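Trainee: My questions will all concern the structure given below.
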Amino acid sequence: MNLASILGKAGRQAVDLLFPPRCAVCGSSDSFLCPRCQGSLPAAEPPRCSVCWQPADREEVCSKCARSRPAFDGLRSPFVFQGGVRELVHGLKYQHQSVLAESMAELLFHFLEGSPRPVDVVVPVPLFPRRQRVRGYNQSGLLAAALARRMELPVDGRSLVRLRSTASQAETQNVEERRVNVRDAFGCHDRQLAGRRVLLIDDVSTTGATLDACAQALRRAGATSVWALTFAHED
Ligand SMILES: [Zn+2]
Ligand SMILES: [Zn+2]
2 MNLASILGKA GRQAVDLLFP PRCAVCGSSD SFLCPRCQGS LPAAEPPRCS
52 VCWQPADREE VCSKCARSRP AFDGLRSPFV FQGGVRELVH GLKYQHQSVL
102 AESMAELLFH FLEGSPRPVD VVVPVPLFPR RQRVRGYNQS GLLAAALARR
152 MELPVDGRSL VRLRSTASQA ETQNVEERRV NVRDAFGCHD RQLAGRRVLL
202 IDDVSTTGAT LDACAQALRR AGATSVWALT FAHED
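Numbering-wise, my numbering comes out as the position in the sequence shown, counting from 1, plus 1.
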């Protein structure tokens, strides 16, 4: 449980007075992401695989996806996991800067406006319950809620669950290890998402193994399509 969630809205305003907003990237005051840093975040430039979003020679399905298609229809990320983007993701995850979720969701929203996907419901990649209790919140849940509000769509943070604790993907070495690490780690405990077109949200994607495992669980529960959207893609 973080300080802000204990204190509520009035308490958060008091915390803002004690700790005024500072840009998560450059440290300048007045905002959590200053206009200059926002304008220089590294974009995920094309050409990229139209399915997994890995950099590619041409804008088509890469050989890896052609061999073994992920369970999601496609993954998109507006930014690459470098520089200021790394600072934002780190801030959202570890420094209790849940306010960053609003700035980041705004950027995701603008990205989707330029590249719309057919969706009915927004679903965050879940944390294992114990990890969420320690951190106080699910950073992907904050992003999903802030984005869904802008899209005027419902968010479902309950149906998809993490069934077992997994090693952090950062601790695993290669693509195959990551795939094994998250295999069967997710499931849906109800049929709320049957017949729905899901937008699956996470902060960072690397190999896409976690999103693939989530998409498999969503499809088993009857979701008709799954588009994945992450703030950052680790190329
Ligand atoms: Zn800045
Ligand atoms: Zn691919």
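Even for Gly, the Cβ is constructed at its ideal location relative to N, Cα and C.
Note that the structure is a prediction, hence the values are computed from the model and not measured.
#1: Cα-Cα, which of S166, L108, V122 and E103 is closest to R134?
#2: Spatial neighbours of G40 within its chain, please: C-beta separation below 7 Å, excluding the five flanking residues on both sides.
#3: Just the residues with CB closer than 6 Å to a heavy atom of ligand 1, in chain order, which are they?
#4: Suppose you measure from the CA of A229 to the CA of D58; what does that come to, to the nearest Å?
#5: Should V62 be listed as close to ligand 2, given that the test is whether its C-beta is under 7 Å from any heavy atom?
#6: Classify G196: buried if its beta carbon has 16 or more other beta carbons within 10 angstroms, exposed otherwise.
#7: To which residues of the same chain is F112 closer than 6 Å at the C-beta, ignoring the five residues directly before and after it?
#8: Give me, in chain order, the residues of the same chain whose beta-carbon lies closer than 6 Å to that of A67; leave out the 5 immediate sequence neighbours on both sides.
#9: Compute the distance between the beta-carbons of V199 and V122, then report whether it is under 8 Å.
#10: Verify whether the separation of the beta carbon atoms of L144 and A106 is less than 8 Å.
Mentor: In terms of the structure at hand:
#1: Ranking S166, L108, V122 and E103 by Cα distance to R134 puts S166 first.
#2: If you ignore the 5 residues before and after G40, its C-beta comes within less than 7 Å of no other C-beta in its own chain.
#3: Per the Cβ criterion, the list is C24, V26, C27, S29, C35, R37 and C38.
#4: Looking at the two C-alpha atoms, the distance is approximately 22 Å.
#5: Yes, since a heavy atom of ligand 2 falls inside the 7 Å radius drawn around the Cβ of V62.
#6: Classification for G196: exposed.
#7: For F112, where only same-chain residues beyond five positions count, the Cβ hits under 6 Å are P79.
#8: Nothing listed; no residue qualifies.
#9: Yes, they are a contact pair.
#10: Cβ distance < 8 Å, so L144 and A106 count as in contact.
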